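Protein sequence lines, in the order shown, are assigned to chains A and B. My numbering numbers the first residue of the first sequence as 15 and each following residue consecutively. My numbering numbers the first residue of the second sequence as 63 and each following residue consecutively. Let me begin by presenting the structure, written as structure tokens, before commenting on it.
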Amino acid sequence: MSRKILIIDDDPYIVKYLEDILQDDGFATCTASNVADALELLKKEKPDLITLDLEMPNEWGPRFYRKMIQDPEHNNVPVIVVSGLSGIHLAIKNAVASFKKPFNPKELLEAIHKALDS
Amino acid sequence: MSHLPILLVDDEEGIRTVLAITLEDEGYPVDTASSGNEALALFQAGRHPIVVTDIRMPGMSGVDLLREIKRIEPKTEVIMISGHADIDVAIQSLKHDASDFITKPINMDVFTFALQRAEERSTMRRQLEEHTSNLEALVERKSAQLVEVERRAAARQLFEGLTASLEAFAANLDNMSMFNQMPMFVSIHNRNHEVVAINDHYRQRLGDLVGQKSWSMFDDLLNGERDCPVARTIADKAARRAEHVVRCINGNHHAVAVDTVPITASDDEVELVLEFMVDLREAEQLREELRTTQHKYQQLFDQTPCFISVQNRDFTILSSNARHKDGLGDLEGGLCYERIMHRASPCRDCPLIKTFEDGEMHQMETVITNRKGEQINALIWSAPIRDTSGEITEAIEMITDITQIRKLQDRLTSLGLLLGSTAHGIKGLLTGIDGAIYRLGGGLRNKNDARVEDGFNDLQHLTGRMKQTVLDILYYAKKRELNWKVIDVAAFALNTYTTMSAKAEAKNVLLELDIAKNLGSFKGDASILASALGNILENAIDACNGNEPDAPGNVLFKITGDANQIAFQITDNGAGMDHETRDKLFTLFFSSKGIAGTGIGLFVANEIVQQHGGNITVESEQGHGSTFIVYIPRELSVQV
Numbered sequence: 015m016s017r018k019i020l021i022i023d024d025d026p027y028i029v030k031y032l033e034d035i036l037q038d039d040g041f042a043t044c045t046a047s048n049v050a051d052a053l054e055l056l057k058k059e060k061p062d063l064i065t066l067d068l069e070m071p072n073e074w075g076p077r078f079y080r081k082m083i084q085d086p087e088h089n090n091v092p093v094i095v096v097s098g099l100s101g102i103h104l105a106i107k108n109a110v111a112s113f114k115k116p117f118n119p120k121e122l123l124e125a126i127h128k129a130l131d132s
Numbered sequence: 063m064s065h066l067p068i069l070l071v072d073d074e075e076g077i078r079t080v081l082a083i084t085l086e087d088e089g090y091p092v093d094t095a096s097s098g099n100e101a102l103a104l105f106q107a108g109r110h111p112i113v114v115t116d117i118r119m120p121g122m123s124g125v126d127l128l129r130e131i132k133r134i135e136p137k138t139e140v141i142m143i144s145g146h147a148d149i150d151v152a153i154q155s156l157k158h159d160a161s162d163f164i165t166k167p168i169n170m171d172v173f174t175f176a177l178q179r180a181e182e183r184s185t186m187r188r189q190l191e192e193h194t195s196n197l198e199a200l201v202e203r204k205s206a207q208l209v210e211v212e213r214r215a216a217a218r219q220l221f222e223g224l225t226a227s228l229e230a231f232a233a234n235l236d237n238m239s240m241f242n243q244m245p246m247f248v249s250i251h252n253r254n255h256e257v258v259a260i261n262d263h264y265r266q267r268l269g270d271l272v273g274q275k276s277w278s279m280f281d282d283l284l285n286g287e288r289d290c291p292v293a294r295t296i297a298d299k300a301a302r303r304a305e306h307v308v309r310c311i312n313g314n315h316h317a318v319a320v321d322t323v324p325i326t327a328s329d330d331e332v333e334l335v336l337e338f339m340v341d342l343r344e345a346e347q348l349r350e351e352l353r354t355t356q357h358k359y360q361q362l363f364d365q366t367p368c369f370i371s372v373q374n375r376d377f378t379i380l381s382s383n384a385r386h387k388d389g390l391g392d393l394e395g396g397l398c399y400e401r402i403m404h405r406a407s408p409c410r411d412c413p414l415i416k417t418f419e420d421g422e423m424h425q426m427e428t429v430i431t432n433r434k435g436e437q438i439n440a441l442i443w444s445a446p447i448r449d450t451s452g453e454i455t456e457a458i459e460m461i462t463d464i465t466q467i468r469k470l471q472d473r474l475t476s477l478g479l480l481l482g483s484t485a486h487g488i489k490g491l492l493t494g495i496d497g498a499i500y501r502l503g504g505g506l507r508n509k510n511d512a513r514v515e516d517g518f519n520d521l522q523h524l525t526g527r528m529k530q531t532v533l534d535i536l537y538y539a540k541k542r543e544l545n546w547k548v549i550d551v552a553a554f555a556l557n558t559y560t561t562m563s564a565k566a567e568a569k570n571v572l573l574e575l576d577i578a579k580n581l582g583s584f585k586g587d588a589s590i591l592a593s594a595l596g597n598i599l600e601n602a603i604d605a606c607n608g609n610e611p612d613a614p615g616n617v618l619f620k621i622t623g624d625a626n627q628i629a630f631q632i633t634d635n636g637a638g639m640d641h642e643t644r645d646k647l648f649t650l651f652f653s654s655k656g657i658a659g660t661g662i663g664l665f666v667a668n669e670i671v672q673q674h675g676g677n678i679t680v681e682s683e684q685g686h687g688s689t690f691i692v693y694i695p696r697e698l699s700v701q702v
């Protein structure tokens, strides 16, 4: 069974891009454009890894992360930050990697494989 | 240079730590707090001149904190950090007197610049305050000296009126206490030309001459006793004034003005003589000092680069400096609130009212109109003027013109906002373009036509948006001259329609064109007006994004006209707007599109239409779509 990645981003074009890259590499995907939807999908879809945007309307990425790690069932899902913010590597300390938009898709895939294989 | 202390408030630990470290590297002493309550406690103790706070925090919000801090110390510079979707709150913060706000993502250059400005403002404010208190001290000194001189004059008057009432006094010679306060030599002599009583000042300077002859203190009586003022007063039974030289205990000689008054007994004979002597040199010195002080004060008063006036408790302008007269007109004798503020009653926040109440210095910022009819941003300071009994009788009002500073600040604030918001927008667009190219490339490799087309459409749309964003910024950054030409209405409308139809198609929105017949022409800048209309059309298309499949998006672009103007009507059946959105529509950086909007487009569109002498009307109902009508006059003569 292919592994599933939850894409969290409020920009539909970027969601589409990540879906393309990940599906072409054989991953299953599910997507959310805000923190509330993302938390619901986290429970329902049980993703193996999450790509997380930082800046979104209403609540921003770090809040999703804080809420996620309070849930013992999902608090060890690896998170990769994908954002246009500068200094993003500081926003979520335990993120396995962080990529600044615009990002290199090859490097993103490498980081995902590394996180899932370890 | 050492920096002013900063209190940094953010609930996100990561951001707080990074900012604190960066600021400390720059040399700012930094205290940090993770919540509004913690920040308030620190502020109470430290009174940091600069506070930087995040707007969104659990518990006490940034705006609540701003309000509290401003209540405790209005002079604090508070810089708000706002997220992307916080423009409303940012505007609200400005109303509560936030000094600045910067957007996330925080660009450190923009941030340090905001801090430098806050520091500058804080320092300038302190200097102004010192300046005002120096002035106050000067005014106090001057008043004290005036009072001194007046006291002397009063003593003389007192002395001249004394004769009549002194008969009763003569019975009680020991009572010199009332003279002891006088800054002159007062003595009483009997008809045997002997000193019988002297005041303290006399005793200290000329010695205890009680019992001595009335002429013994003088050094210049050529004819001895016959020239003595007391003796002559007794002989003539009349008051007299003369100038003589007295000898002090320390051996110095002083020229004095001598006034002598006879005190007659009931038998009409002179019983006693009251003698007053004033040191002439001291009086002259005092007059000179007063003149110099007055001169210096006047110079300072006139040359301080502020409008200064002195007002009484009714806010009547008693005097004003040269710049005041030059900038606001000669308003002396008029009421401040009537003549400067054009009001029927004193201003609600008037700092003078507060100064008269508590004797402290106060400030307020407001807008006033100068003599040329220009609006100026004014920082108004007030300080009390007290009389000798400590009563506040008048107040000094100092108005500083800070228009240039405010203009610059507004411009910089909006540029800062613009940079933050567009940099982020462009990064998103670039990533989207990467995605479209990836999709296009994949489609080409796998010969998947649907994917190629999809990627191509995205690419077209995203580059279009990028182009528009850049054009918007350029337009905002630089006011361009309009290129006036005669424009054929129908051709212009068709052109605008064609540019937008691809976008509409890509979004599955039906864009219809309805041009009335014989519309003729108008004068304007075709390319720039087309971009304004394009902006509104694109918004209309975007507004149909959420339409259900059974009610597909529909935008009507309808052009009509009469003899004077052309009306471009754009009607959509999309989401519509609530009242608040409609009110803020044309404000810079307002966007209802979240990440997809920069908040510049409609602001610029409105400016363009206004430059053409036209206007835009908006009707909208939530859930039922919107109608924008852009009216453009046909002729340049009615255009602005």
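Idealized CB from N, CA, C, for every residue including glycine. Predicted model only: the values in this text are computed from it and were never measured.
Which residues share a DSSP beta bridge with residue i?
| i | result |
| --- | --- |
| residue 308(B) | 280(B) and 316(B) |
| residue 443(B) | 425(B) and 460(B) |
| residue 626(B) | Paired residues: none, contrary to the question. |
| residue 128(B) | Residue 128(B) is not bridged to any residue. |
| residue 66(A) | 22(A) and 95(A) |
| residue 373(B) | 379(B) and 457(B) |
| residue 639(B) | According to DSSP, residue 639(B) bridges with nothing at all. |
What in chain A is Cβ-close to residue i, meaning under 8 angstroms?
| i | result |
| --- | --- |
| residue 492(B) | 115 and 116 |
| residue 145(B) | 69 and 74 |
| residue 507(B) | None at all; the shortest Cβ gap to chain A is about 10 angstroms. |
Residues of chain B with CB under 9 angstroms from residue i, in chain order?
| i | result |
| --- | --- |
| residue 27(A) | 490, 491, 493, 494, 495, 497, 498, 520, 523 and 524 |
| residue 120(A) | Here the premise fails: no neighbours, minimum Cβ distance about 11 angstroms. |
Am I right that residue i and residue j are in contact with their C-beta atoms under 8 angstroms? What's the rounded C-beta distance?
| i | j | result |
| --- | --- | --- |
| residue 96(A) | residue 117(A) | 6 angstroms |
| residue 464(B) | residue 439(B) | 5 angstroms |
| residue 372(B) | residue 447(B) | 7 angstroms |
| residue 577(B) | residue 621(B) | 5 angstroms |
| residue 571(B) | residue 535(B) | About 26 angstroms separates the two Cβ atoms, so there is no contact after all. |
| residue 413(B) | residue 403(B) | Not confirmed; about 13 angstroms, so no contact. |
| residue 168(B) | residue 143(B) | 7 angstroms |
Kindly list the residues whose CB is nearer than 8 angstroms to the CB of residue i, restricted to its own chain and excluding five residues on each side of it in sequence; keep chain order.
| i | result |
| --- | --- |
| residue 270(B) | 260 |
| residue 292(B) | 251, 255, 276, 277, 322, 335 and 337 |
| residue 494(B) | 520 and 524 |
| residue 700(B) | Per-residue confidence for residue 700(B) stands at a pLDDT of 42, beneath the threshold of 50, marking its modelled position as unreliable; the derived number appears in the next sentence. Cβ within range, chain order: 626 and 675. |
| residue 233(B) | Low per-residue confidence applies at residue 233(B): pLDDT is 47, beneath 50, and the placement is therefore not dependable enough to give any value. |
| residue 364(B) | 383, 384 and 385 |
| residue 397(B) | 376, 377, 378 and 379 |
Measure from the alpha carbon of residue i to the alpha carbon of each residue in the options, then state which is nearest.
| i | options | result |
| --- | --- | --- |
| residue 209(B) | 530(B), 506(B) and 450(B) | 450(B) |
| residue 667(B) | 601(B), 611(B), 695(B) and 613(B) | 601(B) |
| residue 591(B) | 391(B), 675(B) and 462(B) | 675(B) |
| residue 434(B) | 387(B), 521(B) and 686(B) | 387(B) |
| residue 46(A) | 126(A), 22(A), 65(A) and 85(A) | 22(A) |
| residue 598(B) | 558(B), 471(B), 496(B) and 506(B) | 558(B) |
| residue 205(B) | 471(B), 359(B) and 509(B) | 359(B) |
| residue 624(B) | 211(B), 695(B) and 687(B) | 695(B) |
| residue 393(B) | 362(B), 569(B), 198(B) and 370(B) | 370(B) |
| residue 587(B) | 569(B), 545(B) and 192(B) | 545(B) |
| residue 302(B) | 324(B), 566(B), 69(B) and 684(B) | 324(B) |
| residue 499(B) | 514(B), 82(B), 108(B) and 194(B) | 514(B) |
So which residues of chain A does residue i contact, with C-beta pairs closer than 9 angstroms?
| i | result |
| --- | --- |
| residue 504(B) | 34 and 38 |
Going by beta carbon distance, what residues of the same chain come within less than 6 angstroms of residue i, once the five residues before and after it are set aside?
| i | result |
| --- | --- |
| residue 574(B) | 618 |
| residue 95(B) | 71, 101 and 104 |
| residue 91(B) | 67 |
| residue 65(B) | 89 and 90 |
| residue 609(B) | 615 |
| residue 78(B) | 72 and 94 |
Note down, in chain order, each residue of its chain lying with its Cβ closer than 7 angstroms to the Cβ of residue i, except the 5 sequence neighbours on either side.
| i | result |
| --- | --- |
| residue 235(B) | Legend: pLDDT at residue 235(B) = 49, less than 50; position of this residue unreliable, value from coordinates given subsequently. For residue 235(B), where only same-chain residues beyond five positions count, the Cβ hits under 7 angstroms are 250, 258 and 259. |
Below 7 angstroms on C-beta distance, what does residue i contact in chain E?
| i | result |
| --- | --- |
| residue 30(A) | No chain E is part of this structure, whose protein chains are labelled A and B. |
Applying a beta-carbon distance threshold of less than 7 angstroms, which residues of chain A neighbour residue i?
| i | result |
| --- | --- |
| residue 585(B) | None at all; the shortest Cβ gap to chain A is about 40 angstroms. |
| residue 501(B) | 34 |
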